[in-house]
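Shown next, in C-alpha cells, is the structure this report addresses.
Residue numbers (the UniProt record's numbering): 1 to 519.
In C-alpha cells form, the structure reads like this:
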C-alpha cells in the first residue's frame, strides 16, 4: 500500500540542496501555493520517492494528511476490521519512516552540510567521520552502505566490521583526505592489498588518487582483454591449467612436466653433438626420433595455449611465444623438406628452446622486464661503447703501424683492430692481439680504464630497475593468486583434481574407521 515500495527506495538521488530547500520551506511556514511552485521537491522527497507516499512535515501538509488518514480509517473500519488493523499498522510504520527521514534530513543540514557523524568499528578500532565524506566515492563499500536506506550504517550511523583495525583507519581517512597511501609502514603489504579489495576502493568512481600502482597491477592481473584470459567456463579452466601453475595441483603438475621436457630436449640436443656419438648412425636416428617426440609435445602445448587464449594476436607476438614457435619450426621443416636438414641456421634455432625455461623462472622474466624498462639507458651505453671501440681501434692501428708482433696477430686494419678494442674495453683480454710499441701500450692501458668506467656506469641503473621490477613482480603474485583462485571456475570433471584436500579426507575417513573398529 505505499510503504513497502517506499522502504526499498535507493539512496542514489540524495542531494543536500534538496534537503536545505525543503527545510527552508518548512521553517518559514510556506503556504500551499508556495508548495506548488517547488515542483522539483513535490515530485521528489529526500530520497527520490513520489510525494504521495509520505506526509509533509510542515503544518499545512500535516493537517491535510491527518484528515486523509481519518477518512481512510473510517472507511476501513466500516468494511473490514482486519483491513482496519492492517491499515493502522502501515500508518504507524509510515510515521516512523517519515520521522527517520526527517531526522536524517535535519542532521544532513547540520555541521555545515557535513551530515551525521558515522561510527565505524573495525576490529575494535573506532573510526568517526561525517556522512558527506563517505559519499565522496560511489562504488566503494562504505559509500554503498551509507547510500542504502535499508542498511544499518544509514539507519543507525554505526557498524562493526571484523577487519584489520589499522588498515580501516587509513581507509576511512582516505575518504576525508581524498588520497590513499601506497602502503602504511606498520601494515603488511598483503594485508593492505586485501583490505583495499574488501572495501572496494578500486571500484571508486571517480578513482581515488594514490591507487594508480595498485590499479595497474589489478587490471594487469584480472583484465581478460589485456592478457587474454577467458572470463568463465571450460576455456577458463584450461587457461588456468596451462598458464597459471599456482591455480591447482594439476596445473602445477602440467607446468613441472613441461619443464622436465624442456630440460630433457636441451640435454639431447647437446649430447647428440659428442664426437663419439655423432658417427653412430643408429644413435643419431634414435636422437631424431626422441627430438620429434619432444617437438610434438611442445607443438601440442603451443596450440592448446593459443586456442584457449582470447587475444590470439597478442599471444602470437609475445616474445616468449615467438621463441617457442621458432624452436619447434626447424624440426617440422626438416621432416617436410629433407634437403633443409644440413642447414646450420635451423640447427641453431633448435637450441632456442632453452628460453622456454623463462616461462618457469621468475628471475628470468624479471631480467627480461628489466632489459625492456632500461632500454634507453642501455642503448645510450651501447652507443658510447661503439664510439670508444672505433676510437681506440683507429689509434692503436696507427700507433702500431704494422709492427711485427712476436706474441700474436698484427694489427692489419682498423676492422681487425676493433676485435682487440672490444676485448680490451670489456676487460677480457684474450691475448691473441697485443700492442708492442710504447704508444700502442699507452693507449691500450687507457682503453682498459675506459672499459672499466664504461661497464660500471649502467650497472647502478640496471640494478635499481631490477629491484623495482622484482618488487612489482612479487606484489603482482600476492595480488593475483587469491583472485585467480576466486575467479577460477572449474569444469565438473576437474572438481577433485586438487589432490591435497582429497588425500586429507581419505586419511580422516581411515582414522575414523580405525577408531570405530579398535584397530
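For glycine and all other residues, C-beta sits at the position ideal for the given N, C-alpha and C.
Under the assumption that residue 323 contacts residue 355 (Cβ atoms under 8 Å), give the Cβ distance between them as a whole number of angstroms. 5 Å
Determine the contact status of residue 238 and residue 308, defining contact as a CB-CB distance below 7 Å. yes
Inter-residue spacing [alpha-carbon to alpha-carbon] between residue 188 and residue 177: 22 Å
Please report the straight-line C-alpha distance between residue 131 and residue 118, rounded to a whole angstrom. 6 Å
Helix, strand or coil: how does DSSP classify residue 370 here? helix
With a threshold of 6 Å on Cβ separation, who are the neighbours of residue 158 within its own chain once the five nearest residues in sequence on each side are excluded? 119
Count the other CB atoms within 10 Å of the CB of residue 270; is the residue buried (16 or more) or exposed (fewer)? exposed
Return the chain-ordered list of same chain residues with a C-beta closer than 7 Å to the C-beta of residue 151, the five sequence neighbours on each side being excluded. 145
Beta-carbon proximity list for residue 481, same chain, < 6 Å, skipping 5 on both sides: The predicted model places residue 481 with a pLDDT of 42, which falls under 50 and marks its position as unreliable; any figure quoted below should be read in that light. Here the set comprises 246.
How big is the Cα-Cα spacing for residue 240 and residue 317? 20 Å
Residues near residue 186 in its chain [Cβ-Cβ closer than 8 Å; skip 5 each side]: 166
Just to confirm the assignment, what range does the alpha helix (DSSP H) spanning residue 436 have? Where residue 436 is concerned, there is no enclosing alpha helix (DSSP H), given that its DSSP letter is neither H nor E.
Determine contact between the stretch 357-365 and the stretch 280-296, defined as no fewer than three beta-carbon pairs at a distance below 8 Å. no
Using the three-state DSSP reduction, which class does residue 199 fall into: helix, strand or coil? coil
Let's test the definition: count the other Cβ atoms within 10 Å of the Cβ of residue 312 and tell me whether it reaches 16, buried, or not, exposed. exposed
Proximity of residue 135 and residue 122 at Cβ, strictly below 7 Å: no
Since residue 328 and residue 295 are thought to touch, with beta carbons under 8 Å apart, how far apart are those beta carbons, to the nearest angstrom? 5 Å
Once you ignore the five residues that flank residue 320 on each side, which residues in its own chain have a CB closer than 8 Å to its CB? 355, 356, 358 and 359
Neighbourhood of residue 433 by C-beta distance below 6 Å, restricted to the same chain and skipping five residues each side: 408, 409 and 420
So for residue 137, helix, strand or coil by DSSP? coil
For the putative contact between residue 425 and residue 454, defined by C-beta atoms under 8 Å, what is the C-beta separation to the nearest angstrom? 6 Å
Could you compute how far the alpha carbon of residue 274 sits from the alpha carbon of residue 422? 31 Å
Report the option in 276, 391, 449 and 405 whose CA atom is closest to the CA atom of residue 415. 391
Would you kindly check if the distance between the Cβ of residue 381 and the Cβ of residue 435 is under 7 Å? no
Report the three-state DSSP secondary structure of residue 443 (helix, strand or coil). helix
Just verifying my parser: in three-state terms, what is the DSSP assignment at residue 61? Any reading at residue 61 needs caution, since the residue's pLDDT is 45, under 50, leaving its predicted position unreliable; the model's value is listed next. If DSSP states are grouped into helix, strand and coil, residue 61 belongs with the helices.
When DSSP builds the beta bridges, which residues end up paired with residue 454? Residue 454 pairs with nothing; no bridge assigned.
Close beta carbons around residue 462, own chain, < 7 Å, minus the five adjacent residues each side: 370 and 374
Is it right to say residue 430 is buried, meaning 16 or more other beta carbons lie within 10 angstroms of its own, or is it exposed? exposed
On the CB-based measure, 16 or more other CB atoms within 10 Å of its CB, does residue 124 come out buried or exposed? exposed
Kindly identify the DSSP beta-bridge partner or partners of residue 287. None; residue 287 has no bridge partner.
Between which two residues does the beta strand (DSSP E) carrying residue 390 extend? First-last for residue 390: 375-400, but that is the alpha helix (DSSP H), not the beta strand (DSSP E).
Cβ shell of residue 326 (< 7 Å), same chain only, five flanking positions each side left out: 349 and 352
Are the beta-carbon atoms of residue 396 and residue 418 separated by less than 7 Å? no
Look up residue 117 in the DSSP assignment and give the residues it is bridged to. 130
Residue 200 vs residue 141 beta-carbon contact at 7 Å: yes
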